[in-house]
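**Q** This is the structure I have questions about; it appears just below.
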Amino acid sequence: MRILLLSQFYPPVIGGEERHVRNLGAALAQRGHHVGVGTLAHRGSPETEMDGEVRVHRLRGTLQRLGGLHADAERPHAPPFPDPELTLALKRLIAAEQPDVVHAHNWIYASLLPLKALGGPPLVITMHDYGLSCAKKNFMYMGQRLCNGAVPAKCLACAGRHYGAVKAAATTLGNWASGFAARRMVDRFIPVSHAVARHTGLVGGSAPYEVIPNFVPDDVGVLGAEEPCLRDLPEGEFILFVGDMMGLKGIHVLAEAYGQLKRAPPLVLIGRRAPDTPAVFAPNVRVMGTWPHSAIMHAWRRSLFGVLPSVGPEACATVVMEAMASGKTVVASDIGGMPDLIDPDETGLLVAPGDAAALAAALQRLIDDRALLGRLAAAAAARVGRLKAAAVVTRIEQVYREVARPAANGVRVLEAAGDTPCP
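In my numbering, the protein residues as written are 16 to 438.
This is how it looks when you write it as structure tokens:
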């Protein structure tokens, strides 16, 4: 098949979503598909280049040129409404690539909708977050608690606190309009967890969807050369946290819980600092900053176990999969997509989000009970296969075949896939 992947960012701009799209493109090309990627232009990167067997096209949009609109000039996000210049660029790209299926990731889909309305190719959208229903994408009301649903006045106030009044109005109203249109035009949504399906209103709606998680490459456990930064790791056992050191990731909860532990090994934090990162940590906490992905995989292999105490509903945490692929169990919050990845008391431990005492108890349990730790780690390593490319990309290929297949008598092949469980 000829497949066109659309992603607002792509390496060298790197993050969980970007790594997923790159891995997906490589896996599809390895299976014999013709794969192209359309992504936003990035300063210093060529307009067109080959990334292995995948041809990458970098496109420009009008809003991308207005740097003052973006909090990070290096990551000018695609708007949740059609960008005329980007729509024209996508039209040219589709004419050149002639895809059987277009697979979009996140808000870049909005600029494709006008083309889809005119009879464009089948469109699949993977939802890596809550952007179909939430202008901030994180489904946290005022950044403090899980939202209980979209209401116009509430959404505008919440987004206004995050973006400012003018930008919030454009983002929120544009997102509602694009979301309304997408639910009627998209051939298949792929929410990456059951939480995303619920909180974006796909569950119980008429739009066709199937829950398919993100994945890690089949060879994710094969370690590369050691980076110099690995010398900063403790020589013995340590607990590992990987992610942005921010409130939504539960960094304050983790700091409080760690302070309650007895005979605790060092806690290693790898990730970007944020405005709300604690200024001071306990003496036995090692703050490493941002590391190359290859070094993080080495750190997982050396760690005792992982911890991800998010208070926000993480859609589908790749770091949990990477820990499992490294033969490690994880203590995580029972929120968002975590229950899709972790089988409680079988492959890991889940605790109530924001509960430092419960988190401390779970951490202490693994520190003290090495038989339990070994059992959970072994089960995690055994079950991570369902989250590797061999399993997940096969499911995505099946979606492509279904949406590309001519529907009998003009009826959709799949009306509503429903709340399909992860394998």
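The beta carbon of each residue, even a glycine, is placed where N, CA and C say it ideally should be.
Only a predicted model underlies this, so the values are computations on that prediction, with no experimental measurement involved.
With M142 as the anchor, note down where its alpha helix (DSSP H) starts and where it stops.
**A** No alpha helix (DSSP H) contains M142, which is instead part of the beta strand (DSSP E) from 138-142.
**Q** Do you know offhand how far Y25's Cα is from K277's?
**A** Rounded to whole angstroms, Y25 to K277 spans 43 Å at the Cα level.
**Q** By the three-class DSSP mapping on this structure, what secondary structure does A125 have?
**A** In this structure, A125 counts as helix in the three-state DSSP scheme.
**Q** Using alpha carbons as the reference points, say which of A393, V201, I123, A314 lies closest to D360.
**A** Out of A393, V201, I123, A314, A393 has the C-alpha closest to the C-alpha of D360.
**Q** Just reading off the beta strand (DSSP E) that I18 is part of, what are its end residues?
**A** Unbroken beta strand (DSSP E) run through I18: 17-22.
**Q** For the 8 Å Cβ check, are there 3 or more pairs between the stretch 260-269 and the stretch 278-293?
**A** Because the criterion of three Cβ pairs below 8 Å is met, the stretch 260-269 and the stretch 278-293 touch.
**Q** In chain order, what residues of the same chain lie with their CB nearer than 6 Å to the CB of V50, ignoring the 5 residues before and after it?
**A** I18, G40, L43, A44, V69, listed in sequence order.
**Q** If L147 and G194 are in contact, beta carbons under 8 Å, what's the gap, nearest whole angstrom?
**A** The Cβ separation is near 5 Å, so the contact holds.
**Q** Compare the C-alpha of P91 against each of E64, P167, L55 and name the closest.
**A** With distances taken between Cα atoms, P91 lies closest to L55.
**Q** Look up A188 in the DSSP assignment and say whether it is helix, strand or coil.
**A** The sequence given here has Leu at residue 188, not Ala. Residue state, collapsed to three classes: helix.
**Q** What would DSSP say about R70, mapped onto helix, strand or coil?
**A** Correct three-state label for R70: strand.
**Q** Taking DSSP as the reference, what is the three-state secondary structure of V237?
**A** Coil.
**Q** Once the 5 residues before and after I205 are set aside, which same chain residues still bring their CB inside 8 Å of it?
**A** These residues qualify, in order along the chain: V139, I140, T141, M142, Y224, E225, V226, I227, I411, V414.
**Q** Using DSSP with H/G/I as helix, E/B as strand and the rest coil, what is F296?
**A** DSSP places F296 in coil when its eight states are reduced to three.
**Q** Cutting at 6 Å between CB atoms, please list the residues of its own chain near A165, excluding the five before and the five after it.
**A** Closer than 6 Å at Cβ, skipping near neighbours: S148.
**Q** Excluding the five sequence neighbours on either side, which residues of its own chain have a C-beta within less than 7 Å of the C-beta of P293, listed in chain order?
**A** Result list for P293: I266, H267, A270, in chain order.
**Q** By DSSP's criteria, P359 is part of a beta bridge. Which residues make up the other side?
**A** DSSP, once it has assigned bridges, lists G363 as partnering P359.
**Q** Does the Cβ of E112 have 16 or more other Cβ atoms within 10 Å, making it buried, or fewer, making it exposed?
**A** Buried, by the Cβ-count rule.
**Q** Based on Cα-Cα distance, which residue from A330, T63, I254, S22 lies nearest to M155?
**A** Of the listed residues, the one whose Cα sits closest to M155 is A330.
**Q** Return helix, strand or coil for H85, following the three-state DSSP convention.
**A** Unreliable positioning characterises H85 in this predicted model, as indicated by a pLDDT of 48, which lies under 50. A coordinate reading is not provided.
**Q** Residues in its own chain within less than 6 Å of A104 by CB, not counting five upstream and five downstream?
**A** Excluding residues within five positions, the ones whose Cβ falls inside 6 Å are L74.
**Q** Who are the near neighbours of G216 in its chain, counting only those whose CB is closer than 7 Å to its CB and skipping five residues on each side?
**A** The answer, listed in chain order, is S148.
**Q** Should G425 be labelled buried (16 or more other beta-carbon atoms within 10 Å of its own) or exposed?
**A** In this prediction, G425 scores a pLDDT of 42, lower than 50, which makes its location untrustworthy; no coordinate-derived value is stated.
**Q** What residue from A150, R401, L282, G47 has the CA that sits closest to P232's CA?
**A** Minimum Cα distance to P232 is reached at R401.
**Q** Would DSSP call Y25 helix, strand or coil?
**A** Coil at Y25, not helix or strand.
**Q** Less than 8 Å between the CB atoms is what I'm expecting for L245 and A310, so what's the real figure, rounded?
**A** Correct: roughly 6 Å between the Cβ atoms.
**Q** My guess is that V300 and L284 are in contact by the Cβ rule of under 8 Å, so how many angstroms apart are they, rounded?
**A** V300 to L284, Cβ: 7 Å. Contact.
**Q** Kindly provide the ranges of any beta strand (DSSP E) runs that are 3 or more residues long and lie completely inside the stretch 303-336, ordered along the chain.
**A** For the stretch 303-336, whole beta strand (DSSP E) runs of length 3 or above, ordered along the chain, are 320-323.
**Q** Compute the Euclidean distance between the alpha carbons of C170 and G239, then round it to the nearest angstrom.
**A** So the alpha carbons of these two residues sit roughly 45 Å apart.
**Q** On the three-state DSSP scale, how would you describe V399?
**A** DSSP places V399 in helix when its eight states are reduced to three.
**Q** Which of the three DSSP states is assigned to P281 in this structure?
**A** Correct three-state label for P281: coil.
**Q** For a quick check, are the C-beta atoms of I109 and L21 less than 7 Å apart?
**A** Taking 7 Å as the Cβ cut-off, I109 and L21 do not qualify as a contacting pair.
**Q** Can you say whether M65 is buried or exposed, counting buried as having 16 or more other CB atoms within 10 angstroms of its CB?
**A** Its Cβ having fewer than 16 others within 10 Å, M65 is exposed.
**Q** When you compare only the Cα positions, how much space is there between H85 and W191?
**A** Bear in mind that a pLDDT of 48 at H85, under 50, signals an unreliable position, so the number given afterwards is only what the model happens to contain. Approximately 20 Å between the Cα atoms of the pair.
**Q** For the beta strand (DSSP E) containing L55, name the first residue and the last one.
**A** Residues 49-55.
**Q** Under 8 Å by Cβ, that's how I've got T187 and A174 pegged, so tell me the actual separation to the nearest angstrom.
**A** Yes, they are in contact, since the Cβ atoms of T187 and A174 sit about 5 Å apart, within 8 Å.
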